[in-house]
Every structure is written in structure tokens, then in C-alpha cells.
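Asker: One structure coming up, written as C-alpha cells, with questions to follow.
In my numbering, the protein residues as written are 527 to 686.
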């Protein structure tokens, strides 16, 4: 029985402190990469209102929080590379935007906007990823939202 409790504890500990494999550190920057197995043209992603394309394969993710209370709204840049029947998305320069706060300083009300990069939140001084806290693993929280954001969806047929 003691062995079972110990093994269960180890499994929970390893799962809760694991970083998502789609996030990597390159030259001090955290980059999210994911490969989609889809033969559909990436031009269909241009209809996504959360994405703003600068060229056919690059652009920015507009300020969005994916309706998740665990995440602050984010803005990021992306690059899409295409091969036969698949495409790879890289997301970088990710910035989180906290809600503006009102600070009372000597009778003056000052509105403070707090924007910080994903590197400030998740990198140690030696440029490796920090271990996530038990109840807030930002990479695991952000990963499914980014996967969904860049998934090509077939538009609903509308008989207008």
C-alpha cells in the first residue's frame, strides 16, 4: 500500500511539474512550435479574426485571452512554414497584458499598464525554463489555445 501511494505521488508530481514540449528556448527566446497534418491551404487561416497577416506566412496574434481566466491577454508574432500535406506554426515574441490598475500616489490617480514578455515570466537567469508551480503551468494552459487558434476550420455553409 505504501508503494502504491509513493508511486501515485511521483506520477502526480511529474505530471504537474512538466513543461509542454511545444515550447522551446532558442537564443534566449521562448518559441512555441506545432506541426499540423493538414493538406488544406493556409490561406483559410486569413479569415480568423484573431490573426493579422503581414505577409502570406507571417503576422501577429491580436490581443486575445482565449476566454481563459488563467491567462492574461496576449499579443505575439507568428510564422507559418508549409510542406506537402502539413504546415508548421512558430509563435514568438509573446507578450502578456495585465488589466490596467489605478494607483493612488500622493493624491494623484495614475493608470498603470503592465505588459511583460513570456521570457520574463518563464525563464531563469541561465535562459532555461522555470519549473511551473503546482496550480499554474502557463505552458500547459497556453498550448491548447494556440493549437486551436491555428487549426484550419471549414467555414459553416451559409445560405444567405
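Glycine residues also receive a C-beta, built at the ideal position from the N, C-alpha and C atoms.
Residues bridged to residue 552 by DSSP?
Answerer: Note: residue 552 sits in a beta bridge opposite 555.
Asker: Take residue 599 and list the residues in its own chain whose beta-carbon comes closer than 8 Å to its own, dropping the five residues that flank it on each side.
Answerer: Correct list, in chain order: 589, 590, 591, 622, 623.
Asker: Which complete alpha helix (DSSP H) runs does the region 569-617 hold, if anything under 4 residues is left out?
Answerer: Qualifying alpha helix (DSSP H) stretches: none in this window.
Asker: Taking the DSSP output, what are the residues bridged to residue 621?
Answerer: In the DSSP output, where bridge partners are listed per residue, residue 621 has 601, 643.
Asker: Taking only three categories from DSSP, how would you classify residue 672?
Answerer: In the structure shown, residue 672 sits in a helix (DSSP, three-state: H, G or I).
Asker: Check whether the region 645-661 touches the region 565-575, taking contact to mean three or more Cβ pairs, one atom from each stretch, closer than 8 Å.
Answerer: The region 645-661 is not in contact with the region 565-575.
Asker: Sorted by chain position, which residues of the same chain lie with C-beta nearer than 6 Å to residue 643's C-beta, five sequence neighbours on each side aside?
Answerer: These residues qualify, in order along the chain: 621.
Asker: Compute the Euclidean distance between the alpha carbons of residue 647 and residue 603, then round it to the nearest angstrom.
Answerer: Going from the Cα of residue 647 to the Cα of residue 603 covers about 17 Å.
Asker: If we call anything under 8 Å between Cβ atoms a contact, is residue 608 one with residue 587?
Answerer: No, Cβ-Cβ distance for residue 608 and residue 587 is not below 8 Å.
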